[in-house]
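The structure appears below as structure tokens.
Numbering (full-length UniProt numbering), first residue to last: 1 to 184.
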């Protein structure tokens with residue numbers, strides 16, 4: 001039988017008040033609190049980030065303040081950059097590719113609450129992986145919704161709300177975001 005953590009990571013309904021998940025959440029919040037007292041050049045920042053986010057490439061950079069749920073579900077590629085005030089709710093895996101730039105106040109969500117109000121009362125939710133390709137630029141304040149895959153070399157305009165998959169080499173803007181054109 002799958003644990004609640006395994007259910008959560010695989011897109012099934014999971015009890016988010018499960019003791020293992022709650023302990024993981026508290027651990028992450030303590031590390032986030034520590035990290036958010038630092039600045040990009042702090043000598044201990046990389047050590048704290050590695051503890052919170054074990055799947056980031058050593059050349060990836062994150063500017064505090066930064067917020068996430070668990071940290072261990074986030075993967076950052078080579079030279080990926082996340083600007084300040086980014087929120088990543090990582091109940092499911094979030095993969096951010098090499099050389100991808102994430103603007104300030106970007107929000108990336110994997111959790112999905114049940115549509116039925118009675119189920120929402122039960123402290124259950126599912127989570128759906130988000131993948132952002134290589135060489136992308138996600139403009140400030142953009143929101144990436146659960147289950148979205150953004151292809152390589154895409155630009156997501158500032159403030160856009162991405163609710164559907166985005167093909168490679170696309171310029172996407174709006175709420176909801178739509179492909180405006182293919183990039184060269």
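Idealized CB from N, CA, C, for every residue including glycine.
Per DSSP, residue 163 has no beta-bridge partner at all. By the Cβ-count criterion, residue 121 is exposed, with fewer than 16 other Cβ atoms from all chains shown falling within 10 Å of its own Cβ. Shown here, residue 101 sits in a strand according to DSSP, grouped into three states. With a cutoff of 8 Å on beta-carbon distance, residue 168 and residue 151 are scored as near each other. Relative to the Cα of residue 61, the nearest Cα in the group 82, 139 and 181 belongs to 82. When 134, 128, 68 and 72 are compared, the shortest CA-CA separation from residue 97 is found for 134.
Judged by DSSP in its simplified three-state form, residue 13 adopts coil rather than helix or strand. Using a 10 angstroms sphere on the CB of residue 129, the tally of other CB atoms reaches 16 or more, which defines it as buried.
Under the Cβ criterion (8 Å, minimum of three pairs), the stretch 11 to 21 does not count as touching the stretch 39 to 54. Runs of the alpha helix (DSSP H) lying entirely within the UniProt domain "Maltose/galactoside acetyltransferase" (5 to 58), each at least 4 residues long, are 19 to 35 and 45 to 52 in chain order. Under the three-state reduction of DSSP output, residue 122 falls in the coil class, being neither helix nor strand.
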